[in-house]
Each structure stands twice: as structure tokens, then as C-alpha cells.
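**Q** Structure in C-alpha cells, see below.
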Amino acid sequence: AVNLTMQLTALAAKALGGVASGVDVEVIDRHHRYKEDSPSGTALEFGKIIAEAMGQTEHVHGRQGILGPRPQTEIGYHALRVGDNPGEHAIVFGMLGETIELTVRATNRDCYALGALAAAKYLVGKDAGLHAMTDVLGL
């Protein structure tokens with residue numbers, strides 16, 4: 110589901126236009142309290158996809174101490190580490206008068222194991238090299 114949500118994020122970011130379009134973008138990631146990286150690598154990948162499509166050049170982690178209007182050149186990141194949440198990401202595109210939010214949520218870790226099995230099956234008989242989950246999923 111994460112890889113599909115990345116594709117949907119790219120589609121939405123391209124459709125919404127560049128920095129001059131006035132769209133605010135925030136990436137929110139939620140994981141269990143023991144997760145060590147913050148924001149997650151997946152959250153940063155969502156930000157990279159958005160930046161490539163929309164042209165934001167600033168990556169801001171949190172909002173504490175930031176004064177003044179929000180620059181259109183930034184993507185905001187917010188990381189929550191709570192309970193036993195296996196993984197959740199929300200991409201928020203905020204415009205005047207409306208908001209689009211794409212959310213992908215793992216309710217348990219089974220999806221990670223199923224993805225690993227699908228990747229292993231995909232690699233059988235393939236040449237050595239770098240393969241991506243988008244290849245495995247045909248995206």
C-alpha cells in the first residue's frame with residue numbers, strides 16, 4: 110500500500126502544480142515508541158517525491174519556534190512515536206478552502222512480511238542488480 114500511496118502522492122503533487130500554486134504540504138509519520146529514526150525513511154521519500162513534482166526546496170522538521178507566514182517553498186515533516194503503531198503516513202496538501210489528505214496505515218506487521226515474500230518470489234530467476242518494490246508490484 111505504501112508504494113501505491115507514493116504513486117498517488119506523485120500524481121496529486123503534479124496535478125496541484127508547482128510552488129507558485131499556493132499549496133502547503135505536510136508529511137506526518139506515526140510509528141511505535143521504539144522506532145529510532147525520525148522522521149522515517151518512508152516519510153523522507155514521500156517528501157522527495159513531492160519536491161520533485163512541485164519544486165519545494167526547504168524541508169522543515171516540526172514547527173516549534175518558527176515565526177511568520179509559512180513559505181511556499183517548504184515541505185513540513187512531523188513525526189509521532191506512540192504506542193505500538195507499526196507504521197502510518199499522511200500526506201496533507203492544504204489549499205485555501207480545501208485539503209487533500211492521503212493516508213496509508215499498517216494495522217499490523219503482516220503486510221511487511223507479505224511484501225518481503227512477494228519480493229523474494231519476484232527475484233527468483235532475475236539477474237543480480239538493484240530492484241525496487243515498484244518493479245515487484247508492477248507500478
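For the sequence shown, the residue numbers in our numbering are 110 to 248.
No residue lacks a Cβ here, since even glycine has one placed at the ideal position from N, Cα and C.
#1: Using beta-carbon positions only, say whether residue 188 and residue 138 come within less than 7 Å of one another.
#2: Looking only at its own chain, which residues have a Cβ that is under 7 Å from the Cβ of residue 143, when we skip the five neighbours before and after it?
#3: Would you identify the three-state DSSP class for residue 188, choosing helix, strand or coil?
#4: For residue 217, which residues from the same chain have a beta carbon less than 8 Å from its beta carbon, with the 5 sequence-adjacent residues on both sides left out?
#5: Taking its Cβ as the centre, do 16 or more other Cβ atoms sit within 10 Å of residue 136, making it buried, or is it exposed?
#6: Out of 227, 213, 238 and 149, point me to the one whose CA is closest to residue 247's CA.
#7: Could you check what DSSP says for residue 244 in three-state terms: helix, strand or coil?
#8: Buried or exposed: where does residue 165 fall if 16 or more other Cβ atoms within 10 Å of its Cβ makes it buried?
#9: Does the region 115 to 135 come into contact with the region 208 to 217, if we say contact requires no fewer than three beta-carbon pairs (one atom in each stretch) closer than 8 Å?
#10: Using the three-state DSSP reduction, which class does residue 175 fall into: helix, strand or coil?
#11: Exposed or buried, residue 114, counting other C-beta atoms within 10 Å across all chains shown (16 or more means buried)?
#12: Per the DSSP calculation, residue 270 is bridged to which residue(s)?
#13: Please go through the same chain and pick out, in chain order, the residues whose beta-carbon is closer than 7 Å to the beta-carbon of residue 52, but skip the five residues on each side of it.
**A** Let me spell this out:
#1: Against the sequence shown, residue 188 aligns to sequence position 79. Against the sequence shown, residue 138 aligns to sequence position 29. Residue 138 sits close to residue 188, with the two beta carbons spaced by under 7 Å.
#2: By one-based count along the sequence shown, residue 143 stands at place 34. Closer than 7 Å at Cβ, skipping near neighbours: no residue.
#3: Here residue 188 is taken as the residue at index 79 of the sequence shown, counted from 1. Correct three-state label for residue 188: strand.
#4: Locating residue 217 in the sequence shown gives position 108, where the first residue counts as 1. In its chain, beyond the 5 residues on either side, 195 have a beta carbon closer than 8 Å to the beta carbon of residue 217.
#5: The residue you call residue 136 lines up with position 27 of the sequence shown. Using a 10 angstroms sphere on the CB of residue 136, the tally of other CB atoms reaches 16 or more, which defines it as buried.
#6: Taking the first residue of the sequence shown as 1, we reach residue 247 at position 138. For residue 247, the closest alpha carbon among the candidates 227, 213, 238 and 149 is that of 227.
#7: Working through the sequence shown from its first residue, we reach residue 244 at position 135. Helix, per DSSP.
#8: As a position in the sequence shown, residue 165 is number 56, starting the count at 1. Note on residue 165: 16 or more other CB atoms within 10 angstroms of its CB, so buried under the neighbour-count rule.
#9: Yes: the two stretches touch, three or more of their Cβ pairs being nearer than 8 Å.
#10: Here residue 175 is taken as the residue at index 66 of the sequence shown, counted from 1. Three-state result, residue 175: coil.
#11: As a first step, residue 114 is located in the sequence shown; it is residue number 5 there, counting from the start. The residue is buried, with at least 16 neighbouring Cβ atoms inside 10 Å.
#12: With the chain represented from 110 up to 248, any question about residue 270 goes unanswered, as that position is not in the structure.
#13: Since the first and last residues shown for the chain are 110 and 248, residue 52 lies out of range.
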